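>
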Amino acid sequence: MLKVKDLNVHYGKIHAIKGIDFEVNEGEIVTLIGANGAGKTTILQTISGLLKPSEGMISFEGENLNKIPAHQIPTLGIAHVPEGRRIFAEMTVYENLQMGAYIRKDKDQIQEDMEKIFLNFPRLKERIKQIAGTLSGGEQQMLAMGRALMTRPKLILLDEPSMGLAPLLVDEIFNMIQTVNDAGTTVLLVEQNANKALHIANRAYVLETGYIKLSGNARELLVNPEVQQAYLGG
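Numbering-wise, the sequence shown is residues 1 to 234 according to the UniProt record's numbering.
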């Protein structure tokens, strides 16, 4: 579904991503784990067109994303939930969800999809008229995910969805990621909580300063001594 080949990304003279290859197959949850500064967010921003690669190619369902402007990427079936959630803080929950459907023409289906969002995220329905900036951190994360799902994505990019959340809310968010995947959406997950990410993912790539250091089955990486030592406190 998503293929990244020999990807290089620079910030000025800084070589942030150094010739990496990876892929995401339809139906999977794939996670990118690594320390701060490893390049995880840069990769997601490059996939969604916010950054341009200096070398390499990203393809989605056979289409070269390098040539497609960022504002057109969602029309292909890719949604991005950025680090820090980036909801529209002065708009209501309902208005944020409507904004997620801005690219869609099937107006009759939009309300139906919103009801599905409310089934998965019942707290959003309770707060449908509330100003989004007044929601808790966990509720804002739910809203950011719901807004992305309103685009009807085939692939959702999640950047640090558990950041800054209390442990109980972290469990809830990861359960929701699993639910979204079970409903048919492929997931590429960037996450510093390596333990949670590896428990939910099918496959994983371990990044270190712009390189892929390790990759493989997520459950196998969970018991890898190197991963345990570096990321799991083992």
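Each residue gets a CB set at the ideal place from its N, CA and C atoms; glycine is no exception. Nothing here was measured: the structure is a model prediction, and the numbers come from that model.
For Val-180 and Gly-49, I'd like the C-alpha separation in whole angstroms.
If I take the Cα positions, the gap works out to 23 angstroms.
> Let me know the secondary structure DSSP gives Gly-37 once reduced to three states.
Looking at Gly-37 - three-state DSSP - the assignment turns out to be coil, as it is neither helix nor strand.
> So, using beta-carbon positions, are Ile-200 and Phe-174 closer together than 8 angstroms?
Yes, the pair counts as a contact, with Cβ atoms nearer than the cut-off.
> Determine the closest residue to Pro-161 out of Asp-171, Arg-152 and Pro-153, with distance taken between C-alpha atoms.
Comparing Cα-Cα distances from Pro-161 to each of Asp-171, Arg-152 and Pro-153, the minimum goes to Asp-171.
> With a threshold of 8 angstroms on Cβ separation, who are the neighbours of Lys-129 within its own chain once the five nearest residues in sequence on each side are excluded?
If we look at Lys-129 and ignore the five residues flanking it on each side, its Cβ neighbours are Thr-92, Val-93 and Tyr-94.
> Considering only the alpha carbon of each residue, which of Asn-120, Gly-100 and Leu-76 lies closest to Met-176?
The shortest C-alpha separation from Met-176 is found at Asn-120.
> Give me whichever residues DSSP pairs with Asn-175 in a beta bridge.
DSSP output for Asn-175 lists no bridge partner at all.
> Could you tell me the distance, in whole angstroms, from the CA atom of Ser-54 to the CA atom of Gly-39?
Straight-line Cα distance between these residues: approximately 15 angstroms.
> CA-CA distance, Asp-106 and Gln-228?
Whole-angstrom Cα-Cα distance: 47 angstroms.
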